[in-house]
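The sequence shown begins at 1 in full-length UniProt numbering and counts up one residue at a time.
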Amino acid sequence: MVEHGIRMRVLWVSSSADALVAIDVDAKRTMPQWVKRSEWEGLRDDGRLELLFDDPYVRLPVEEAISNASRDRRDRAWACVAGMVCDEPAVFASDTRAKMIASAATVHGVHADTVRNWLLDYWKRGMTRNALLSDWDRCGGPGKDKATSDVKRGRPRSISPGTGMNVDEEVKRIFEVVIKNYYLKNPKATLRGVWRTMLRKFFSDCVAEEGGRLILRDVDRIPSYRSFDYWFRKTRNLRQEVVARKGRKFWEKTLRPLLGNSTNEAIGPGFRYQIDATIADVYLVSKASPKDIIGRPVLYVVIDVWSRMIAGIYVGIEKASWAAAMMALLNAGSNKVEFCAQYGIEIEAEQWPCESLSSVLLGDRGELESKLAERLSNVLQVKVENTPPYRADWKGIVERNFGSLHTKFAPLVDGYIDVDYQERGGRDYRLDATLTLDDFLRVIIHSVLEHNGSVIDGYPLTVEMSRDGVVPSPNELWKWGIRKRSGSLKRYSLDTLRFALMHTAKATVTGSGIEFHSRQYLSEYALERGWFSKARRDGKWKVDISYDPRNLDVILLHDTFDRRLFKVCRLSTKDTEQYGLSLQELLSMQRQSRRREAEAVHGILEEKINREEEISRIVERARHRKEEAGPDRRSKAERTGNIKGNGERERDVQRKVEHFPFIEPTSVTSNSVLPLPKPQKASYGMPSIFELSDDE
1 MVEHGIRMRV LWVSSSADAL VAIDVDAKRT MPQWVKRSEW EGLRDDGRLE LLFDDPYVRL
61 PVEEAISNAS RDRRDRAWAC VAGMVCDEPA VFASDTRAKM IASAATVHGV HADTVRNWLL
121 DYWKRGMTRN ALLSDWDRCG GPGKDKATSD VKRGRPRSIS PGTGMNVDEE VKRIFEVVIK
181 NYYLKNPKAT LRGVWRTMLR KFFSDCVAEE GGRLILRDVD RIPSYRSFDY WFRKTRNLRQ
241 EVVARKGRKF WEKTLRPLLG NSTNEAIGPG FRYQIDATIA DVYLVSKASP KDIIGRPVLY
301 VVIDVWSRMI AGIYVGIEKA SWAAAMMALL NAGSNKVEFC AQYGIEIEAE QWPCESLSSV
361 LLGDRGELES KLAERLSNVL QVKVENTPPY RADWKGIVER NFGSLHTKFA PLVDGYIDVD
421 YQERGGRDYR LDATLTLDDF LRVIIHSVLE HNGSVIDGYP LTVEMSRDGV VPSPNELWKW
481 GIRKRSGSLK RYSLDTLRFA LMHTAKATVT GSGIEFHSRQ YLSEYALERG WFSKARRDGK
541 WKVDISYDPR NLDVILLHDT FDRRLFKVCR LSTKDTEQYG LSLQELLSMQ RQSRRREAEA
601 VHGILEEKIN REEEISRIVE RARHRKEEAG PDRRSKAERT GNIKGNGERE RDVQRKVEHF
661 PFIEPTSVTS NSVLPLPKPQ KASYGMPSIF ELSDDE
């Protein structure tokens, strides 16, 4: 939000919405400030407060383009501040925050100022992991292993004897072997017991004359338990550890994140969405040819757990995939009044008020278990959670609503599949198909509007809700929750959403355009900077792009200097059949083209061989003719001295053969008198084309 030209980011809103915490994103050393509800409402009512939905600090890097070192540093910084930023609102109290910073600095081995700077970066730059990507070169490499030497690192001992030993690469390898073989494989083993096993196996000497007793090495030649424990906790993977020691089911049932279908999991509207897809029980026809049945559509639904509002939908022929899920999420973050208007349905904003993304998104392992899901987390700050294959109950809310939506339109539409569809002699409902894809989407929109306005049976109203007279319908719950529970709404411009949700790839700048999948694209941005001339002069180079695999008419060129921005590149071709192709269609066409070329290669080669053979025969006949003329006894000078005259004689012969003999047509009747031909005189008619070309 903007107040008097100062840009403030809202970091937190109390559950009762009576106070919020904000921070000046442009000031260098400022800390979060508490603002009472009366204060910001007064500023808003006076017109001195403006809400900004385009985040100037949102980070949109291509995840694949981030170097491993940068990604590791980002993750280490996140590990340092994650505990603090999740402890809201305690972290906003200066005294508590100072203690948290000091504790984090000690645990992670970094300076308190570094932790404080990371914390400010996180708050100011979008409250995402990628907010920690910049300015790492000033952080001094926190979390890196220090180079080993003879000088003991760390705080000197004050109680234990000796100075201790440094943990070098050899000792680390011993740690790894011991943890893997004696801790992860033995559920009953304790960490201290494993440490003693390590000392027994690797840091003791066996003395045979004393009955095989083990003599522990000097205190300065063995790693302390504190060093062993520190290294273990620094490198541990809790999920991997529990799964290895107690099994995957134990993790899923006991230590997994507490997700599910309970409303208590969400603190307010927009905190947790569930997304799922189903194949609708209705057959559709083609818009272009209503007689052609195109099959059953895929229906995606995004639902808000807290209010039960359907936040986004998508209907298409696309199979369940990231591309289809992307469209449903894009719809969840879009203005619903404008969306409905595209299909001729007029609504008021309060009939479908959702136009935001959530903090947490729960979906299937398939379409959300990919690198693109990482972009949701790192770019849009949406935490993605996938359901294990044997815990389908986690998405109970959205799955129950599929049945609810079907019952709303089932009796009204043609082509709906009834329960007797598979029975012998049952009616073939495919033949009743009447609706097009757009028709069915309009039906779904009306069903969603009905759902969002309907009362939810058995919704667990709180005492405060009952006192405020809240009707348990998705719309009313959403409105009440926005006022009282604040939720975790995340709004972005449509361009930002599209850019963040699209696929990414590399394209090549060439002398004729930006090449992607063997097709050329043009951009004003590239033309103004002379990219194509430079490519012809200096050679090709790669650039990052985003694209929609469903239509490749346009690709988005990533801005080199500002990762939040992009430039539109349009397909450059006069072939109208090249437009409107999906990636799948394009690759199929290119494969067919290569297959045809491969099939034609043999025939073309055979034709070429035959032509070369015929040319060889022509040359051979000419040589034979020359030999039959007999040997030429003239000297070289005599043979080459009259080439011009020989050419003139040959040209005269050629003219007589090639000239066009135009004859005036005459009409002859039975009584006509034919005149005798007169002697021919010199011709003064138009010369032949070869006479005009004569150089003489």
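Yeah, the Cβ is synthetic: ideal placement off N, Cα and C, and Gly gets one too. These numbers were taken from a predicted model, which means no experiment stands behind them.
Worksheet item: To which residues of the same chain is Val337 closer than 7 Å at the C-beta, ignoring the five residues directly before and after it?
Response: Stepping through the sequence shown from its first residue, residue 337 is reached at position 337. The answer, listed in chain order, is Ile347 and Ala349.
Item to complete: With DSSP as the reference, please indicate the residues paired to Ile514 in a beta bridge.
Response: Start at 1 with the first residue of the sequence shown, and residue 514 comes out as number 514. DSSP, once it has assigned bridges, lists Val509 and Tyr521 as partnering Ile514.
Worksheet item: Once you ignore the five residues that flank Ser16 on each side, which residues in its own chain have a CB closer than 7 Å to its CB?
Response: For the purposes of this step, residue 16 is taken as the residue at position 16 of the sequence shown. Once the five neighbours on either side are set aside, the close Cβ partners of Ser16 are Lys484.
Fill in: Which of helix, strand or coil DSSP assigns to Ile23
Start at 1 with the first residue of the sequence shown, and residue 23 comes out as number 23. Residue state, collapsed to three classes: strand.
Fill in: Pairwise C-alpha distance: Ile215 and Lys180
Within the sequence shown, the letter at position 180 stands for residue 180. Within the sequence shown, the letter at position 215 stands for residue 215. So the alpha carbons of these two residues sit roughly 25 Å apart.
Worksheet entry | Cα-Cα separation, Val242 to Ala27 | The residue you call residue 242 lines up with position 242 of the sequence shown. The residue you call residue 27 lines up with position 27 of the sequence shown. Roughly 44 Å separates the two Cα atoms.
Fill in: Strand pairing of Ala277, partner residues [DSSP]
Here residue 277 is taken as the residue at index 277 of the sequence shown, counted from 1. BP columns for Ala277 point to Tyr300.
Worksheet entry | Validate contact between the region 265–276 and the region 298–318 using beta carbons, cut 8 Å, 3 pairs | yes
Worksheet item: If you draw a straight line from the C-alpha of Thr128 to the C-alpha of Arg221, how long is it?
Response: As a working mapping, residue 128 is identified with position 128 in the sequence shown. As a working mapping, residue 221 is identified with position 221 in the sequence shown. Straight-line Cα distance between these residues: approximately 44 Å.
Worksheet entry | Phe566 - partner residues in DSSP beta bridges | Position 566 of the sequence shown holds residue 566. BP columns for Phe566 point to His558.
Discussion item. Can you tell me where the beta strand (DSSP E) holding Ile6 begins and where it ends?
Written reply: Within the sequence shown, numbered from 1, the residue matching residue 6 stands at position 6. Note, Ile6: beta strand (DSSP E), Ile6 to Val13.
Worksheet item: Hey, Arg296 and Val282 are a contact pair by Cβ (cut 8 Å); roughly how many whole angstroms apart?
Response: As a working mapping, residue 296 is identified with position 296 in the sequence shown. As a working mapping, residue 282 is identified with position 282 in the sequence shown. Confirmed, about 7 Å.
Worksheet item: Roughly how many angstroms separate the alpha carbons of Ser512 and Leu527, rounded to a whole number?
Response: Position 512 of the sequence shown holds residue 512. Position 527 of the sequence shown holds residue 527. Taking the straight line from one Cα to the other gives about 11 Å.
Practice prompt. Identify which residue in Val315, Val509, Phe92 and Tyr225 has its Cα closest to the Cα of Val448.
Written response: Here residue 448 corresponds to residue number 448 of the sequence shown, with the count starting at 1. The candidate whose alpha carbon is nearest that of Val448 is Val315.
Worksheet item: Do the CB positions of Asn130 and Val470 come within less than 8 Å of each other?
Response: Within the sequence shown, residue 130 is the residue found at index 130, counting from 1. Within the sequence shown, residue 470 is the residue found at index 470, counting from 1. No; because the gap between Cβ atoms is not below 8 Å, this pair is not in contact.
Practice prompt. Just grab the DSSP bridge partners of Gln33 for me.
Written response: Within the sequence shown, numbered from 1, the residue matching residue 33 stands at position 33. In the DSSP output, where bridge partners are listed per residue, Gln33 has Ala22.
Worksheet item: Can you find at least 3 beta carbon pairs, one from the region 503–519 and one from the region 41–48, that sit closer than 8 Å?
Response: no
Worksheet item: What span of residues does the alpha helix (DSSP H) with Val242 cover, start to end?
Response: Stepping through the sequence shown from its first residue, residue 242 is reached at position 242. Start and end: Leu238 to Lys246.
Item to complete: Pick out whichever of Val443, Leu494 and Val455 has its Cα sitting closest to the Cα of Asp55.
Response: Here residue 55 is taken as the residue at index 55 of the sequence shown, counted from 1. Of the listed residues, the one whose Cα sits closest to Asp55 is Leu494.
Item to complete: Please state whether DSSP places Tyr390 in a helix, a strand or coil.
Response: Working through the sequence shown from its first residue, we reach residue 390 at position 390. With a pLDDT of 39 at Tyr390, under the threshold of 50, the predicted position of this residue should be treated as unreliable, though the coordinate-derived value follows. In this structure, Tyr390 counts as coil in the three-state DSSP scheme.
Worksheet item: Run through DSSP, which three-state label would Ser377 get?
Response: Within the sequence shown, numbered from 1, the residue matching residue 377 stands at position 377. Here Ser377 sits in helix by DSSP.
Discussion item. With H, G and I counted as helix, E and B as strand and the rest as coil, what does DSSP make of Arg272?
Written reply: The residue you call residue 272 lines up with position 272 of the sequence shown. Strand, per DSSP.
Worksheet item: From Gly363 to Ala324, what distance separates their C-alpha atoms?
Response: Taking the sequence shown and counting its residues from 1, the one referred to as residue 363 is at position 363. Taking the sequence shown and counting its residues from 1, the one referred to as residue 324 is at position 324. The straight-line gap from Cα to Cα measures roughly 13 Å.
Practice prompt. Keeping to the same chain, check which residues put their C-beta closer than 6 Å to that of Trp541; ignore five residues upstream and five downstream.
Written response: As a position in the sequence shown, residue 541 is number 541, starting the count at 1. These residues qualify, in order along the chain: Val509.
Item to complete: My understanding is that Leu581 touches Leu552, with C-beta atoms under 8 Å, so please give their C-beta distance in whole angstroms.
Response: The residue given as residue 581 occupies position 581 in the sequence shown. The residue given as residue 552 occupies position 552 in the sequence shown. Contact flag correct, Cβ pair sits at about 6 Å.
Discussion item. List, from N- to C-terminal side, the alpha helix (DSSP H) runs of 4 residues or more that fit wholly inside the region 66–113.
Written reply: 68–86 and 94–108
Item to complete: Rank Pro472, Trp195, Met327 and Ser67 by C-alpha distance to the C-alpha of Arg226 and give the top, closest one.
Response: As a first step, residue 226 is located in the sequence shown; it is residue number 226 there, counting from the start. Nearest of Pro472, Trp195, Met327 and Ser67 to Arg226, Cα basis: Trp195.
Fill in: Start-to-end residues for the alpha helix (DSSP H) that takes in Leu605
As a position in the sequence shown, residue 605 is number 605, starting the count at 1. Residues Leu583 to Glu628.
Practice prompt. Flag Ala93 as yes if its beta-carbon sits less than 8 Å from any beta-carbon of chain C, otherwise no.
Written response: The question asks about chain C, but that chain is absent: this structure has only one protein chain.
Worksheet item: In terms of residue numbering, what span does the beta strand (DSSP E) encompassing Val315 cover?
Response: Position 315 of the sequence shown, counted from the start, is the residue given in the question as residue 315. Ile310 to Gly316 is the span of the beta strand (DSSP E), which, as asked, contains Val315.
Fill in: Opening and closing residue of the alpha helix (DSSP H) in which Asp652 lies
To locate residue 652, count along the sequence shown from 1; it is residue 652. From DSSP, the alpha helix (DSSP H) with Asp652 extends over Ile643 to Glu658.
Discussion item. Helix, strand or coil, according to DSSP, for Asn551 in the structure here?
Written reply: Taking the first residue of the sequence shown as 1, we reach residue 551 at position 551. If DSSP states are grouped into helix, strand and coil, Asn551 belongs with the strands.
Practice prompt. Give the DSSP-derived three-state secondary structure of Thr504 in the structure shown.
Written response: Reading the sequence shown from its first residue, position 504 is the one you call residue 504. Reduced to three states, the DSSP call for Thr504 is strand.
Practice prompt. For Gly363, name the three-state secondary structure that DSSP assigns.
Written response: Here residue 363 refers to the residue found at position 363 of the sequence shown. Strand, per DSSP.
Item to complete: Verify whether the separation of the beta carbon atoms of Val178 and Met198 is less than 8 Å.
Response: As a position in the sequence shown, residue 178 is number 178, starting the count at 1. As a position in the sequence shown, residue 198 is number 198, starting the count at 1. Against a cut-off of 8 Å, the Cβ pair of Met198 and Val178 comes out as a contact.
Worksheet item: Taking DSSP as the reference, what is the three-state secondary structure of Leu259?
Response: For the purposes of this step, residue 259 is taken as the residue at position 259 of the sequence shown. Confidence at Leu259 is low in this model, with a pLDDT of 40, below 50, so the placement of that residue is unreliable and no value is reported for it.
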